[in-house]
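Residue numbers (my numbering): 136 to 289.
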């Protein structure tokens with residue numbers, strides 16, 4: 136067996152029966168449509184069915200663009216409630232208008248920055264996912280043609 140053929144073999148059991156993880160996922164996911172008729176009317180629905188193996192071989196999920204949005208919103212709202220006191224202004228003084236517009240711009244900026252970061256991270260994770268194979272005999276997920284130490288048991 137050549138070195139290239141041996142690199143394809145499973146590091147767990149040594150079998151050469153492998154399949155790409157993306158193909159395992161695609162084979163186990165199906166789309167179903169149906170209609171249900173009852174006394175109150177007809178209801179149509181569409182659903183996605185996935186096997187347990189397909190869920191194990193699923194591609195990485197994309198991160199949220201709103202991960203820091205909540206905390207920025209809390210700080211912004213507290214600024215309205217306690218801002219005059221923090222700045223040493225009278226209790227009757229309303230908070231400056233720049234806080235309102237600045238807070239909105241900061242929130243939009245944070246969401247935009249998180250979105251572009253999530254896009255880059257997801258693209259890198261998908262590139263790594265495309266290298267993952269699954270052994271059809273023992274179920275080990277691994278990356279062939281590498282040092283065989285990065286096996287991933289899911």
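Even glycine gets a Cβ: it sits at the ideal position worked out from N, Cα and C. Since the structure is predicted, the reported quantities are computational estimates derived from the model, not experimental observations.
Locate the beta strand (DSSP E) running through residue 167, then write down its first and last residues. Position 32 of the chain shown, counted from the first residue, corresponds to residue 167. Where residue 167 is concerned, the enclosing beta strand (DSSP E) stretches over 164 to 173.
Less than 7 Å between the C-beta atoms of residue 160 and residue 197, yes or no? For this step, residue 160 is matched to residue 25 along the chain shown. For this step, residue 197 is matched to residue 62 along the chain shown. Going by C-beta atoms, residue 160 is not nearer than 7 Å to residue 197.
Using a threshold of 7 Å, state whether the C-beta atoms of residue 154 and residue 271 are closer than that. Translated into positions along the chain shown, residue 154 becomes position 19. Translated into positions along the chain shown, residue 271 becomes position 136. Taking 7 Å as the Cβ cut-off, residue 154 and residue 271 qualify as a contacting pair.
With DSSP as the reference, identify every bridge partner of residue 245, one or two as the case may be. For the purposes of this step, residue 245 is taken as residue 110 along the chain shown, with counting starting at 1. BP columns for residue 245 are empty, so no partner.
Does the region 234 to 244 touch the region 188 to 208, meaning 3 or more C-beta pairs lie closer than 8 Å? yes
Suppose you measure from the CA of residue 189 to the CA of residue 217; what does that come to, to the nearest Å? For the purposes of this step, residue 189 is taken as residue 54 along the chain shown, with counting starting at 1. For the purposes of this step, residue 217 is taken as residue 82 along the chain shown, with counting starting at 1. So the two alpha carbons sit approximately 51 Å from each other.
Rounded straight-line distance, which links the Cα of residue 172 to that of residue 166: Along the chain shown, one-based indexing puts residue 166 at 31. Along the chain shown, one-based indexing puts residue 172 at 37. Computed Cα separation, rounded: 20 Å.
For residue 192, report the span of its beta strand (DSSP E) as first-last. On the chain shown, residue 192 is found 57 positions in, with the first residue counted as 1. Taken as a continuous stretch (DSSP letters only), residue 192 belongs to no beta strand (DSSP E), as it is neither H nor E.
State the beta-bridge partners of residue 144 as determined by DSSP. As a first step, residue 144 must be located in the chain shown, where it is residue number 9. According to DSSP, residue 144 bridges with nothing at all.
According to DSSP, is residue 203 part of a helix, a strand, or is it coil? Taking the first residue of the chain shown as 1, we reach residue 203 at position 68. Note: residue 203 maps to coil in three-state DSSP.
Coil, strand or helix - residue 267 by DSSP: Counting from one through the chain shown, the residue named residue 267 turns up at place 132. Coil at residue 267, not helix or strand.
Starting from residue 179, trace the beta strand (DSSP E) in both directions and tell me its first and last residue. Numbered from its first residue, the chain shown carries residue 179 at position 44. Counting along the chain, the beta strand (DSSP E) containing residue 179 begins and ends at 176 to 185.
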